[in-house]
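Undergrad: If you scroll down you'll find the structure; I have some questions about it.
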Amino acid sequence: MSSTSQSDRLVLERAEVDRILERLRTEILARVGQVGSLVLVGIRRGGVPLAKALAREIERETGQAPMLGTLDINLYRDDVGLARAVPKVGPSQIPTHLEGKEVVLVDDVLHTGRTVRAAIDALHDYGRPSRIWLAVLCDRGGRELPIAADFVGKTVEVDPSQKLEVEFDDEGPTGARVTWPPGTP
Amino acid sequence: MKSHFPHRHLLGIEGLRREDVELLLDTAESFFDVSRRPVKKVPTLRGKTILNVFYENSTRTRTSFELAGKRLSADVVNMSMSTSSVAKGESLYDTVKTLEAMRPDVVVIRHASSGAPHFVARHVSHCVVNAGDGMHEHPTQALLDAFTIRRKKGTLEGLVVTICGDIAHSRVARSNMLLLKLFGAEVRLAAPPTLLPKGVEAYGVRVFDRLEPALEGADVVMALRVQNERLMGGAFFPSAKEYSKTFGLSDRSLRPAKPDAIVMHPGPMNRGIEIEPSVADGKRSVVLDQVEAGVAVRMAVLYLLSADEAEAP
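The listed protein sequences derive, respectively, from chains A and B. At position 86 of the first sequence the residue is numbered 81 (my numbering), and the sequence of numbers has no breaks. At position 102 of the second sequence the residue is numbered 98 (my numbering), and the sequence of numbers has no breaks.
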């Protein structure tokens, strides 16, 4: 392995993120019914700023802001009691009863699919949505469950031992970077 | 994000660090909303077994623990020990070893003897939660009180908290004193001298034998229950009427407290003795907030103890 491949690698730049957000907006609006029945739900924590950025895009395009929620999936994890430490539980805020709503679950990175499985379970405790979609900024492969995203910003090839981190500022995502975990030779 | 609760049992506030209490209270904040949703249940402790072993009568604490466990999807079994093998003479040791053989994950115990949960914890492999032991501690009550104060006042730091009533027999008072001192609150006690334990100043609290100076500028006023079952025949004070006149919370006696002071009571209340109905039902009363907080706090305790099991020795 060469020394350059071991350093951090930028896989998504700001300009590309902006184009992706526009495209995701267009794709979402083409497939969902009405903005009025649409709820964007960001999965804590990386999905929350992405959901906000998408909501802003949708409002800019249609003049109507979709409802926006956040979801903490820690209580629905499949590894409670197996992990090395207790996951810190955060708040969820779902703005409406989800009966009959179209929900777009939003996360920054799609990997094993376990987070999405937990999120789908969690959503049902807030009502029965008419449809759940999944939008992600980066799909890094490595699925352990039969789950696929409906809206994908970018597919990124990442070694299983590497970390893929999306970077944010106050406005939303600004890029993505692949890093080796500390101690990798 | 991961967090770590470095305790296998919750036996008292004693032994907890400030950051442990903060983790418990922050976790309880997240559980608070679960009980307000249409679906009041999360699957987190599916497959875990919780035994409520109550050697003393209790309605609210037992129900609160039961709901906390059920809303986390654990299997909860309530055992009322007065109608059990204990009545046939079985020792505490034999009872808990028998229950341990049924492989519970958490045992919640209330017992009239101080230190009983600590004894149990030394002899079993599962988690133990103290739901009140004699006149010693009642940690989840202090946690739910702290949760309620923090929600109403934003912080515990620097608040003036006056605890009034039967301090000597109160495990609620002891756990609260320990917790409030961890957070740098000013704790004052107001009680007839006969109802103050000897050496209580060692907790770093100020002691008053009259209500009025103790309430001066108070942010939080906690009334304790006059425990008739413990005081019966003790001649600790002349009469209930006398007590209510000197230490009962009324709109009049609360005047020295801050205008936005909150009034708390761990329940069950003796209306007209330690608290007047107009106060109990008044704007400043947070008694029902305390009850609601209790379920969230107990969910946090059960979650942090039993979800961390992989790390236990």
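Cβ atoms here follow ideal geometry from the backbone N, Cα and C, with glycine treated the same way.
Nearest by alpha-carbon distance to B:Ala24: which of B:Met295, B:Val124, B:Pro189 and B:Ser302 is it?
TA: B:Met295
Undergrad: For the region 99 to 112 of chain A, enumerate the residues whose C-beta is nearer than 7 Å to any C-beta of chain B, in chain order.
TA: Of all residues in the region 99 to 112 of chain A, none has a Cβ within less than 7 Å of some Cβ in chain B.
Undergrad: Which stretch, first to last residue, makes up the beta strand (DSSP E) that contains B:Ser76?
TA: Going by DSSP, B:Ser76 is part of the beta strand (DSSP E) stretching over Asp71 to Ser76.
Undergrad: Would you kindly work out how many angstroms separate the C-alpha atoms of A:Ala130 and A:Ala144, rounded to a whole number?
TA: 6 Å
Undergrad: Say whether chain B places a C-beta atom closer than 8 Å to the C-beta of A:Ser87.
TA: Among the CB atoms of chain B, one or more fall inside 8 Å of the CB of A:Ser87.
Undergrad: Please classify A:Glu152 as buried or exposed, where buried requires at least 16 neighbouring CB atoms within 10 angstroms.
TA: exposed
Undergrad: At which residue ranges does the region -1 to 68 of chain B contain complete alpha helix (DSSP H) runs of 4 or more residues, listed in the order of the chain?
TA: 14 to 28 and 56 to 67
Undergrad: What does the alpha-carbon distance come out to for the pair B:Ser157 and B:Pro193?
TA: According to the sequence displayed, residue 157 of chain B carries Val and not Ser. Computed Cα separation, rounded: 18 Å.
Undergrad: Measuring alpha carbon to alpha carbon, tell me which of A:Leu93, A:Asp13, A:Asp102 and A:Ile38 ends up nearest A:Val84.
TA: A:Ile38
Undergrad: Starting from A:Phe163 and walking both ways along the beta strand (DSSP E), at which residues does that stretch end?
TA: Lys158 to Asp164
Undergrad: Where does B:Leu250 fall in DSSP's three states?
TA: coil
Undergrad: Would you give the residue range spanned by the beta strand (DSSP E) that B:Thr242 belongs to?
TA: Run containing B:Thr242: none in the beta strand (DSSP E); it sits in the alpha helix (DSSP H), Ala236 to Phe243.
Undergrad: Please specify which runs of the alpha helix (DSSP H), each continuous and at least 4 residues long, are wholly inside the region 147 to 227 of chain B, giving them in chain order.
TA: Runs of alpha helix (DSSP H) with 4 or more residues, each lying fully within the region 147 to 227 of chain B, are found at 167 to 178, 207 to 211 and 224 to 227, listed in chain order.
Undergrad: Please confirm whether A:Arg37 has its beta-carbon closer than 8 Å to some beta-carbon of chain B.
TA: Rather than Arg, the amino acid found at residue 37 of chain A in this sequence is Gly. Chain B contact via Cβ: absent.
Undergrad: What residues from chain A crowd round B:Asp310, counting only those whose CB sits closer than 9 Å?
TA: The question about residue 310 of chain B has no answer here: the residues shown for chain B are numbered -3 through 309.
Undergrad: So, B:Leu41 versus B:Pro100, is the Cβ gap smaller than 8 Å?
TA: no
Undergrad: Could you spell out the range, first to last residue, of the beta strand (DSSP E) harbouring B:Lys93?
TA: Segment Leu88 to Glu96 is the alpha helix (DSSP H) holding B:Lys93; no beta strand (DSSP E) there.
Undergrad: Secondary structure at B:Ile145, three-state DSSP: helix, strand or coil?
TA: helix
Undergrad: Could you pull out every residue in the same chain whose Cβ sits closer than 7 Å to the Cβ of A:Glu22, ignoring the five residues on either side in sequence?
TA: Phe146
Undergrad: Hey, quick one: how far does the beta strand (DSSP E) through A:Glu97 stretch, first residue to last?
TA: Where A:Glu97 is concerned, the enclosing beta strand (DSSP E) stretches over Glu97 to Leu105.
Undergrad: Is the CB-CB distance between B:Ala138 and B:Leu95 below 8 Å?
TA: no
Undergrad: Run the CB neighbour count on B:Ala306, radius 10 Å, all protein chains shown included, and call it buried at 16 or more, exposed below.
TA: Because B:Ala306 sits at a pLDDT of 46, beneath the cut-off of 50, its placement in the model cannot be relied upon, and the point is left open.
Undergrad: For the beta strand (DSSP E) that B:Val102 lies in, which residues bound it at each end?
TA: Val102 to His107
Undergrad: Would you say B:Arg33 faces chain A, with C-beta separation under 8 Å as the test?
TA: Interface residue (Cβ-Cβ distance to chain A less than 8 Å): B:Arg33 is classified as such.
Undergrad: Are the beta-carbon atoms of A:Leu24 and A:Thr57 separated by less than 8 Å?
TA: yes
Undergrad: Less than 8 Å separating the beta-carbons of B:Gly128 and B:Glu270?
TA: Cβ atoms of B:Gly128 and B:Glu270: not closer than 8 Å.
Undergrad: Out of curiosity, what's the CA-to-CA distance linking B:Asn224 and B:Pro255?
TA: 31 Å
Undergrad: Who are the neighbours of A:Val75 on chain B, taking C-beta pairs under 8 Å?
TA: Within chain B, the residues near A:Val75 are Thr40, Leu41 and Ala303.
Undergrad: So A:Val34 contacts chain B; which residues on that side make the cut at Cβ distance below 8 Å?
TA: Those within 8 Å of A:Val34 in chain B number zero; the least Cβ separation is about 16 Å.
Undergrad: Could you tell me which whole beta strand (DSSP E) segments of length 3 or greater appear in the region 8 to 41 of chain A?
TA: Within the region 8 to 41 of chain A, the complete beta strand (DSSP E) runs of at least 3 residues fall at 33 to 38.
Undergrad: Among A:Leu19, A:Glu11 and A:Leu49, which has the Cα closest to the Cα of A:Glu166?
TA: If you compare the alpha carbons of A:Leu19, A:Glu11 and A:Leu49 with that of A:Glu166, the shortest gap goes to A:Leu49.
Undergrad: Can you list, in chain order, the residues of its chain whose CB lies under 6 Å from that of A:Ser32, leaving out five sequence neighbours each side?
TA: Lys96 and Glu97
Undergrad: Quick one: residues in its chain with C-beta nearer than 8 Å to the C-beta of B:Val17, no 5 flanking neighbours on either side, listed in chain order?
TA: So the list reads Ile9, Leu139, Ala142, Leu175, Leu178 and Phe179, once near-sequence residues are dropped.
Undergrad: Return the first residue and the last residue of the alpha helix (DSSP H) that B:Phe115 is part of.
TA: Ala112 to His119
Undergrad: Contact criterion: CB-CB distance below 8 Å. Does B:Ser26 meet it with respect to chain A?
TA: yes
Undergrad: Output needed for B:Val168: all residues of its chain with C-beta closer than 6 Å, excluding positions within five of it in sequence on either side, in chain order.
TA: His134, Gln137 and Pro262
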